[in-house]
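Comments concern the structure below.
Numbering (our numbering), first residue to last: -7 to 244.
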């Protein structure tokens, strides 16, 4: 069994290797990477490992981003210090979700689960992961708390036009063009919003599909989006690199 460890804490990565060897000396750790960028580079340049042991929060962001940039179709065991990302993890090829500090017993059970799955004849991973998702239905936020002065109000997700990050503050802009601060990062929002209804345009903006009034071709193979909310209309440019992913999202 060949395993790639993706972990940004060297001590945690070393401890994981020791526990793997303690469990089964024949397990080969083919690499250890510490960031999204390094992990993507490694996976593109090396044979696909049998299993990923993947920390969710890395130095350069959430490791879910790896699966948005490469086509990885083998099992993953997620590790994290937080339990709030479990539902997001099951959107990918997760067979287990281990809370840190990972114990030998928890790691042993996760590896044995992997072996049980892969030792079955003609394993159909698609059917398996569909079954997991059926038993762990995805739940997305239906409303947000936003601030108006000293008050907090509820804003339904269906009333949101887009989110935008400005000067380290994330704002919710609703369909009436109200701009309200919320206590979320864009990275966290990506894990709690329905990906079929919201799309991250760039590092600063996440838009709602219902707020898009029009899409037109733009210079240099880009697209321009016209958003309508309240009496206000805004334009956003999609970079050439993001256009293919946007088209795929728009047509699902």
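Note that the Cβ used here is the ideal one computed from N, Cα and C, for glycine as well.
Residue 225 counts as exposed, since fewer than 16 other beta carbons sit within 10 angstroms of its beta carbon. Out of 228, 235, 140 and 102, the CA that lies nearest to the CA of residue 154 is found in 228. About 7 angstroms separates the CB atoms of residue 199 and residue 219; that is less than 8 angstroms, so the two are in contact.
The C-alpha of residue 62 lies about 12 angstroms from the C-alpha of residue 55. Judged by DSSP in its simplified three-state form, residue 1 adopts coil rather than helix or strand. Contact between the region -5 to 15 and the region 29 to 44 is present: 3 or more CB-CB pairs across the two stretches fall below 8 angstroms. If you check the CB distance, residue 157 and residue 107 do not come in under 8 angstroms. In chain order, 156, 171 and 173 place their CB closer than 6 angstroms to the CB of residue 163, counting only its own chain and leaving out the 5 sequence neighbours on each side.
Under the DSSP definition of a beta bridge, residue 20 partners with -6. In the DSSP assignment, residue 105 falls outside any beta strand (DSSP E) and lies within the alpha helix (DSSP H) extending over 96 to 110. Nearest in C-alpha terms to residue 201, of all of 233, 175, 239 and 53, is 239. Distance from the Cα of residue 91 is smallest, within the candidate group 53, 49 and 59, for 49. Proximity to residue 230 across 214, 242, 223 and 243 peaks at 214, based on C-alpha coordinates. 133 is the residue among 52, 105 and 133 whose C-alpha sits nearest the C-alpha of residue 187. The straight-line gap separating the alpha-carbon atoms of residue 20 and residue 216 is approximately 48 angstroms.
Within 10 angstroms of the beta-carbon of residue 33 lie fewer than 16 other beta-carbons, which makes it exposed.
The residue among 149, 212, 208 and 204 with its C-alpha nearest the C-alpha of residue 181 is 149. A straight line joining the alpha-carbon of residue 12 with that of residue 96 spans about 8 angstroms. Spatial neighbours of residue 184 in its own chain (CB-CB distance under 7 angstroms, excluding positions within 5 residues in sequence) are listed in chain order as 132 and 133.
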